[in-house]
Amino acid sequence: MIHNAVSYDAQHITFVNAFKELDIDIKKNYWDTKGNKELDEIKKHIKSYYLLAQDYRCPYCHQKILVAHNGAWDTEHIIPKDTHPDFMFEPQNLCVSCKDCNGEKSNKNILVNKKIIRLPKKSKSYTIIHPHFDNFDDHIKIIDDALYFLPKTDKGRRTIEVCGLLRFVYKYSSYENVDLAIKQGISKFTQALLNTSDPSEEQLYLSFIEDLTKQGKELSKAAFLKNFGG
Numbered sequence: 002m003i004h005n006a007v008s009y010d011a012q013h014i015t016f017v018n019a020f021k022e023l024d025i026d027i028k029k030n031y032w033d034t035k036g037n038k039e040l041d042e043i044k045k046h047i048k049s050y051y052l053l054a055q056d057y058r059c060p061y062c063h064q065k066i067l068v069a070h071n072g073a074w075d076t077e078h079i080i081p082k083d084t085h086p087d088f089m090f091e092p093q094n095l096c097v098s099c100k101d102c103n104g105e106k107s108n109k110n111i112l113v114n115k116k117i118i119r120l121p122k123k124s125k126s127y128t129i130i131h132p133h134f135d136n137f138d139d140h141i142k143i144i145d146d147a148l149y150f151l152p153k154t155d156k157g158r159r160t161i162e163v164c165g166l167l168r169f170v171y172k173y174s175s176y177e178n179v180d181l182a183i184k185q186g187i188s189k190f191t192q193a194l195l196n197t198s199d200p201s202e203e204q205l206y207l208s209f210i211e212d213l214t215k216q217g218k219e220l221s222k223a224a225f226l227k228n229f230g231g
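Here's what the structure looks like:
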């Protein structure tokens, strides 16, 4: 959870206030305006602040990415700026996220009530984990160094869906030794299954094992046919 949102100096506040007076059609694409030095400066200020405030950790997948180049991160508008441009510079609607989570989340709705006018500042107003209002560990359990995500709550489950966190489960599909990766995945989930008594966790582990086993069978069959000319 981010404990302190970004703050703006007098120049930033003047800029944001001027933005608020713009026509809604101008606001929608304002973030991507080229050649606006004031905009570029406040965007840099926002990203630099949240990288440090979040300790280089994505609020959705919890991966820590220590890179010197800020381009490895995206400034994240928690409520999408395309659907609610008025919140574009609201400190508690901002954070940074990894490019994969940002791309998966995109413009998906994460509000309980899409017709809000003012920025909601309570966790219950959001369907996914909010970087400023929610504790990640209350909603998602991470297994094996951020490779597997188990939802503890409906909000955790929705976060996994919206941010595409199942991509980590299937990460092994790009490994050179796919068979070994599948075997390791099955082994990890089997061990986790033995160590839990939570019915929801048991169901998820069994589902993962089933998916891995199915893909393993398909790969083994393909390898057999290739080797023996089937």
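Numbering (the working numbering), first residue to last: 2 to 231.
Where is the CB? At the ideal position from N, CA and C, for every residue including glycine.
Only a predicted model underlies this, so the values are computations on that prediction, with no experimental measurement involved.
Nearest neighbour of residue i, chosen from the options [CA to CA]
i	options	result
Phe169	Ser49, Tyr149, Ser124, Cys102	Tyr149
Glu211	Phe190, Leu220, Ser201	Phe190
Lys215	Lys227, Ala73, Ile183	Ile183
Phe209	Lys222, Asn37, Lys44, Gln192	Gln192
Asn5	Ser198, Glu91, Ile25	Glu91
Glu42	Ile25, Val68, Lys29, Gln12	Gln12
8 Å CB neighbourhood of residue i in its chain, flanking five on each side removed
i	result
Leu167	Phe150, Ile161
Ser126	Leu112, Val113, Asn114, Ile117
Ile80	Phe88, Asn94, Ile111, Leu112, Leu120
Met2	Pro132, His133, Phe134, Asp135, Asn136, Phe137
Leu23	Tyr31
Own chain, CB closer than 7 Å to residue i, minus 5 neighbours either side, in chain order
i	result
Tyr1	With the chain represented from 2 up to 231, any question about residue 1 goes unanswered, as that position is not in the structure.
Glu39	Phe16
Sub-7 Å separation of residue i and residue j beta-carbons
i	j	result
Asn108	Asp83	yes
His78	Asn103	no
Asp75	Lys100	yes
Glu105	Gly36	no
His140	Lys123	no
CB-CB length for residue i against residue j, believed under 8 Å
i	j	result
Ile129	Ile111	5 Å
Gly186	Leu213	5 Å
Pro132	Pro60	4 Å
Met89	Tyr9	Not a contact, Cβ separation roughly 13 Å.
Leu207	Leu194	7 Å
Arg58	Lys48	Not a contact, Cβ separation roughly 14 Å.
Chain-order list of residues whose beta-carbon lies under 6 Å from that of residue i (same chain, five-residue window excluded)
i	result
Asp180	none
Lys21	none
Segment limits, alpha helix (DSSP H) that includes residue i
i	result
Glu162	155-163
Asp77	This sequence places Glu at residue 77; Asp is not what is there. That residue, Glu77, is in no alpha helix (DSSP H); its beta strand (DSSP E) goes 74-78.
beta-carbon residue i near the ligand HEM non-hydrogen atom, thresh 6 Å
i	result
Asn114	Although the ligand HEM was asked about, the structure shown includes no ligands whatsoever.
Host beta strand (DSSP E) of residue i (start-end)
i	result
Cys96	95-99
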